Amino acid sequence: MIEIKNVTKSYEMGDENVLALDGVTLTVEEGDFLAVTGPSGSGKSTLLFTMGGLLTPTKGAVSVRDTDIYGLHPRERAQFRRENIGFIFQTFELLPYLTALENVMLPLSIAGIDSVEQRERALEGLSRVGLAKRVGHKPLELSGGEQQRVSIARGIVNEPDILLADEPTGNLDRKTGDGIIDLLRGLNERDGQTIVIVTHDTSTAEEANRVINMIDGRVVTRTE
Ligand SMILES: Nc1ncnc2c1ncn2[C@@H]1O[C@H](COP(=O)(O)OP(=O)(O)OP(=O)(O)O)[C@@H](O)[C@H]1O
Ligand SMILES: [Mg+2]
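All residue numbers in the sequence shown are consecutive under numbering that gives the first Met the number 0, ending with 223.
Structural data, given as structure tokens:
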């Protein structure tokens with residue numbers, strides 16, 4: 000489903016170069032549920048952005064469904080991403096002037112779904128993350144964990160075949176976080192969604208089918 004070959008990513012910072020990914024090779028099979036762990040700064044988010052078509056690698060190639068995504072024109076890549084990939088950002092990336100409901104409706108609106116269905120599906124998505132009572136709140140009128148759950152609802156509402164989730168339980172208490180992990184497991188087991196989750200929490204990682212550990216931009220251990 001996702002094939003990463005010898006990917007290097009360096010960020011240029013003036014005279015300095017930060018090597019965030021240092022030759023990563025990784026395959027994610029269709030229907031996989033992969034957890035990526037590792038210390039802060041080890042390149043987990045960079046890896047997720049790269050596999051999600053959001054960040055062009057310095058070297059190497061990423062193919063998703065046999066499409067070389069960085070070989071595509073940016074416009075085509077954006078289209079490909081919308082049709083195949085849901086992304087849950089570590090920093091949420093909600094639009095501040097839209098309500099929770101409108102934020103979750105956004106991917107459906109871009110996909111051209113009619114407004115009545117957009118609303119229905121967004122409401123259902125928000126209730127799946129336990130936020131049915133907060134649909135009219137804007138991000139700043141929500142707690143951090145609630146904002147995180149809006150971002151999760153937005154990532155799953157389109158039922159993408161591939162879901163990439165960056166620390167989706169990072170701002171949640173254990174019980175709410177466990178509920179989110181159950182939701183993701185359900186999407187994986189019942190709907191066959193391919194899921195990659197970044198987490199620093201070992202008990203969350205244990206819920207995945209497979210775990211990789213990153214240090215200094217390299218994949219150091221793999222557990223089947
Ligand atoms: N836009 C950027 N410009 C320059 N350096 C960056 C940029 N984004 C990330 N980095 C650097 O690249 C390295 C990897 O960052 P990344 O965000 O992938 O780490 P991470 O494993 O997700 O960390 P965390 O667990 O704290 O989220 C870090 O050293 C970081 O400082
Ligand atoms: Mg990160």
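Even for Gly, the Cβ is constructed at its ideal location relative to N, Cα and C. No experiment lies behind these values; they were computed from the predicted model shown.
- DSSP, read as helix, strand or coil, puts residue 142 in coil.
- Residue 88 places its beta carbon 9 angstroms or farther from that of residue 200.
- Between residue 194 and residue 162, the C-beta spacing is below 9 angstroms.
- DSSP lists 33, 163 as the beta-bridge partner residues of residue 195.
- At a threshold of 8 angstroms, residue 147 does not count as near ligand 2, since its beta carbon sits no closer than that to any of the ligand's heavy atoms.
- Within its own chain, the residues whose Cβ lies closer than 7 angstroms to the Cβ of residue 145, once the five positions on either side in sequence are excluded, are 130, 133, listed in chain order.
- Counting only the Cα atoms, residue 213 lies some 7 angstroms from residue 35.
- Taking a 10 Å sphere around the C-beta of residue 139, we find fewer than 16 other C-beta atoms and assign the residue as exposed.
- Spatial neighbours of residue 76 in its own chain (CB-CB distance under 6 angstroms, excluding positions within 5 residues in sequence) are listed in chain order as 52, 68.
- Under the criterion of beta carbons closer than 8 angstroms, residue 42 and residue 20 qualify as touching, at roughly 5 angstroms.
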